[in-house]
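Trainee: To convert, count from 1 in the sequence shown and add 5; that's the working numbering.
Cβ coordinates follow ideal geometry from the N, Cα and C atoms, glycine included.
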Amino acid sequence: MELVLPQIDWTPFAPLIPVAVGGLTTLVVDLFLPPGRKQFIALLSLIALAASILLAINSWGLVRYGVHDAVVLDRFSLFFYLVLGLVGILTILLSMGHLDAAAADQGEYYSLVLFSILGMMLMAAGGDLVVIFLGLETFSLALYILAGFWKTELRSNESALKYLLLGAFASGFFLYGIALVYGATGTTVLRQIVAVLADGHSPEPLFLVGGGLLLVGFGFKIASVPFHMWVPDVYEGAPTSVTAFMIAGTKAAAFAAFLRVFLLAVPALHIRWSAAIWVLAVLTMTVGNLVALVQSNIKRMLAYSSIAHAGYLLVALVAGGSSGVTGILFYLVAYALMNLGAFAVIIAVQGRDQERLLLTDYAGLGWQRPALAACMAVFMFSLAGIPPTAGFMGKLYIFSAALEGHYPGLAVIGVLNSVISVYFYLRVIVIMYMSEAASPPPLVPASAAAVLAVLVSVLGTLHLGLFPARLLDLARQSVSAITG
Numbered sequence: 006m007e008l009v010l011p012q013i014d015w016t017p018f019a020p021l022i023p024v025a026v027g028g029l030t031t032l033v034v035d036l037f038l039p040p041g042r043k044q045f046i047a048l049l050s051l052i053a054l055a056a057s058i059l060l061a062i063n064s065w066g067l068v069r070y071g072v073h074d075a076v077v078l079d080r081f082s083l084f085f086y087l088v089l090g091l092v093g094i095l096t097i098l099l100s101m102g103h104l105d106a107a108a109a110d111q112g113e114y115y116s117l118v119l120f121s122i123l124g125m126m127l128m129a130a131g132g133d134l135v136v137i138f139l140g141l142e143t144f145s146l147a148l149y150i151l152a153g154f155w156k157t158e159l160r161s162n163e164s165a166l167k168y169l170l171l172g173a174f175a176s177g178f179f180l181y182g183i184a185l186v187y188g189a190t191g192t193t194v195l196r197q198i199v200a201v202l203a204d205g206h207s208p209e210p211l212f213l214v215g216g217g218l219l220l221v222g223f224g225f226k227i228a229s230v231p232f233h234m235w236v237p238d239v240y241e242g243a244p245t246s247v248t249a250f251m252i253a254g255t256k257a258a259a260f261a262a263f264l265r266v267f268l269l270a271v272p273a274l275h276i277r278w279s280a281a282i283w284v285l286a287v288l289t290m291t292v293g294n295l296v297a298l299v300q301s302n303i304k305r306m307l308a309y310s311s312i313a314h315a316g317y318l319l320v321a322l323v324a325g326g327s328s329g330v331t332g333i334l335f336y337l338v339a340y341a342l343m344n345l346g347a348f349a350v351i352i353a354v355q356g357r358d359q360e361r362l363l364l365t366d367y368a369g370l371g372w373q374r375p376a377l378a379a380c381m382a383v384f385m386f387s388l389a390g391i392p393p394t395a396g397f398m399g400k401l402y403i404f405s406a407a408l409e410g411h412y413p414g415l416a417v418i419g420v421l422n423s424v425i426s427v428y429f430y431l432r433v434i435v436i437m438y439m440s441e442a443a444s445p446p447p448l449v450p451a452s453a454a455a456v457l458a459v460l461v462s463v464l465g466t467l468h469l470g471l472f473p474a475r476l477l478d479l480a481r482q483s484v485s486a487i488t489g
């Protein structure tokens with residue numbers, strides 16, 4: 006009997022292959038490198054991510070479906086490949102100096118970062134609920150390990166354990182939601198689900214319950230209220246570089262899948278659940294900002310800030326339409342740059358066994374490290390939504406989409422929450438420039454990689470605030486690739 010091998014089109018997987026190969030290569034190379042040469046592994050990781058970005062750019066405009074429509078290559082997934090590639094490069098840059106300072110330059114760290122990015126990319130490319138779940142679990146498993154990477158630190162172990170237990174609980178909801186959707190439609194492929202619903206079949210109660218469970222799973226990953234309780238403890242206990250990666254990459258990947266499932270591929274779910282998402286948006290913005298007001302630890306403050314920003318993104322999700330999705334894509338890029346930049350500054354000003362995590366630790370930083378303090382001020386202004394920064398433009402597009410979608414009340418609540426957030430963001434700037442440290446810590450030279458990460462982030466934050474048109478055009482192209 007003649008053996009017939011299936012024909013596989015590898016084009017949809019092209020940008021993912023360098024990341025997968027890079028993760029495996031760094032894992033093997035780490036076995037043969039002496040302890041002092043681990044920076045070579047970081048360089049290999051940067052090369053893998055750069056190759057993925059180049060392949061994504063080269064694939065722009067292509068539309069391909071692989072493995073029976075389970076993996077999708079289109080401008081929407083390519084946009085997120087570029088965002089996640091940028092997040093990965095900045096994460097590795099700020100990790101290089103951070104791991105050296107902590108005397109924990111294990112090479113497997115970079116492999117875990119690459120595997121986590123691979124899972125995030127799978128979520129963005131998922132045309133099947135099962136593939137989205139596989140992507141979610143791939144990056145989650147890597148992040149569970151990264152959160153506990155400081156094996157000798159009790160708080161890092163606690164962070165990993167909490168993330169693992171609550172993450173597994175949320176994954177159960179997500180998987181059960183997939184099962185119910187399959188039971189109602191007979192398929193987990195998004196294109197086929199759309200076809201089933203388009204045949205005149207009204208969504209069954211089983212389908213709606215399944216959609217609700219999917220909403221719970223996505224809510225955990227984007228850290229929306231009331232699924233946010235893990236965020237402050239996990240972000241505080243994880244290594245600072247891992248916190249930066251989680252705060253930017255996880256949200257981008259989760260919203261990529263969230264948009265494809267709830268808004269772009271299965272609009273019936275968005276219509277049915279828009280009221281629930283409206284409530285989630287209001288609660289998430291309000292709780293995140295109000296609790297951030299009373300934080301004295303900068304990592305916890307930024308953790309609650311990330312919860313509030315998830316609420317802003319949910320505002321655009323409620324609004325829907327091309328404007329809403331475009332606003333989300335733009336804001337995710339701005340959000341990644343300003344948060345990674347802020348954490349890069351935190352890493353740049355700390356030395357070996359000298360973490361500066363309390364807000365009071367930044368007293369007088371404006372005079373001790375004027376350049377880094379100025380960059381931190383830009384990131385705080387951007388997070389607060391003050392022009393001419395990327396954060397201002399992102400919020401402008403999101404709240405404009407809410408008005409365009411006839412949700413003026415939601416837009417007003419969003420603006421009021423943004424005003425509240427100004428207090429705790431500007432407090433950091435006031436402490437840096439208007440307070441004196443009782444005993445200034447010794448100045449520790451910042452690593453060149455961390456400084457480069459700060460520079461790229463601050464230039465990107467200002468560029469998108471002053472010249473947003475190019476990114477907006479890319480975002481619109483990405484949305485039109487699916488919505489038509």
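Based on DSSP bridge pairs, tell me the residues matched to V76.
Mentor: G71 and G131
Trainee: Measuring alpha carbon to alpha carbon, tell me which residue in F263, S246 and T255 is nearest K304.
Mentor: S246
Trainee: Consult DSSP for L38 and reduce its assignment to one of helix, strand or coil.
Mentor: coil
Trainee: Which residues in the same chain as F404 place their Cβ atom closer than 8 Å to its Cβ, once the five residues preceding and following it in sequence are excluded?
Mentor: V320, A416, G419 and V420
Trainee: Should G326 and G414 be called a contact, given that it needs their Cβ atoms to be closer than 8 Å?
Mentor: no
Trainee: So L89 packs on A257, CB below 8 Å; how close in whole Å?
Mentor: 6 Å
Trainee: Should A53 and L117 be called a contact, given that it needs their Cβ atoms to be closer than 8 Å?
Mentor: Not in contact: A53 and L117 (Cβ atoms no closer than 8 Å).
Trainee: If you count every other CB in all the chains shown that lies within 10 Å of the CB of E522, and 16 or more means buried, which is it?
Mentor: The structure shown does not extend to residue 522, since the chain spans only 6 to 489, so no value can be given for it.
Trainee: Extract the residue ranges of the alpha helix (DSSP H) inside the region 348-407, only unbroken runs of 4 or more that lie entirely within it.
Mentor: 370-373 and 375-389
Trainee: Hey, out of N63, G217 and F178, whose CA is closest to W141's CA?
Mentor: It is worth fixing the name first, because residue 141 is Leu in this sequence and not Trp. That would be F178, whose Cα lies nearest to the Cα of L141.
Trainee: Are I150 and N294 closer than 8 Å when you measure CB to CB?
Mentor: no
Trainee: So, L393 versus L477, is the Cβ gap smaller than 8 Å?
Mentor: The sequence given here has Pro at residue 393, not Leu. Between P393 and L477, the gap from beta carbon to beta carbon reaches 8 Å or more.
Trainee: According to DSSP, which residues form a beta bridge with V88?
Mentor: In the DSSP secondary-structure assignment, V88 is not bridged to any residue.
Trainee: Given that a residue counts as buried once 16 or more other Cβ atoms are within 10 Å of its Cβ, and exposed if not, what is R80?
Mentor: buried
Trainee: Give the DSSP bridge partners of V194, in chain order.
Mentor: D133
Trainee: Among the residues of its own chain, which have a CB less than 7 Å from the CB of A368, if the five just before and after it don't count?
Mentor: I436, S440, E441 and A442
Trainee: In chain order, what residues of the same chain have a beta carbon less than 7 Å from the beta carbon of L213, not counting five sequence neighbours either side?
Mentor: R277
Trainee: What are the start and end residues of the alpha helix (DSSP H) that includes N422?
Mentor: P413 to M439
Trainee: Assess contact between the region 125-142 and the region 179-193, defined as three or more Cβ pairs (one per stretch) separated by less than 8 Å. Is contact present?
Mentor: yes
Trainee: Flag this pair as yes or no: are the beta carbons of S57 and Y86 separated by less than 8 Å?
Mentor: yes
Trainee: Which value, in whole angstroms, describes the spacing of the CA atoms of L170 and S164?
Mentor: 10 Å
Trainee: Straight-line CA distance for V296 to L322?
Mentor: 23 Å
Trainee: Mind reading off the beta-carbon distance from A454 to A341? Whole number of angstroms is fine, and I expect it under 8 Å.
Mentor: The Cβ separation is near 18 Å, so there is no contact.
Trainee: Look at V236 and A308 and say whether their C-beta atoms are less than 8 Å apart.
Mentor: yes
Trainee: Excluding the five sequence neighbours on either side, which residues of its own chain have a C-beta within less than 7 Å of the C-beta of L123, listed in chain order?
Mentor: L21, V24, A25, G28 and T143
Trainee: Please report the straight-line C-alpha distance between A189 and L218, rounded to a whole angstrom.
Mentor: 14 Å
Trainee: Does D14 pass the burial test, meaning 16 or more other C-beta atoms within 10 Å, or should it be called exposed?
Mentor: exposed
Trainee: Please look up how many angstroms separate the CB atoms of V427 and I312, rounded, as I've assumed it's under 8 Å.
Mentor: Not confirmed; about 17 Å, so no contact.
Trainee: Measure the alpha-carbon distance for V461 versus A228 and round it to whole angstroms.
Mentor: Counting only the Cα atoms, A228 lies some 27 Å from V461.
Trainee: Could you tell me whether the Cβ atoms of L318 and A281 are closer together than 8 Å?
Mentor: no
Trainee: Going by C-alpha to C-alpha distance, which of P210, L195 and N344 sits closest to V77?
Mentor: L195
Trainee: Considering only DSSP beta bridges, list what N302 is partnered with.
Mentor: L363
Trainee: Taking DSSP as the reference, what is the three-state secondary structure of H233?
Mentor: coil
Trainee: Given this structure, state the Cα-to-Cα distance separating L148 from T255, to the nearest angstrom.
Mentor: 9 Å
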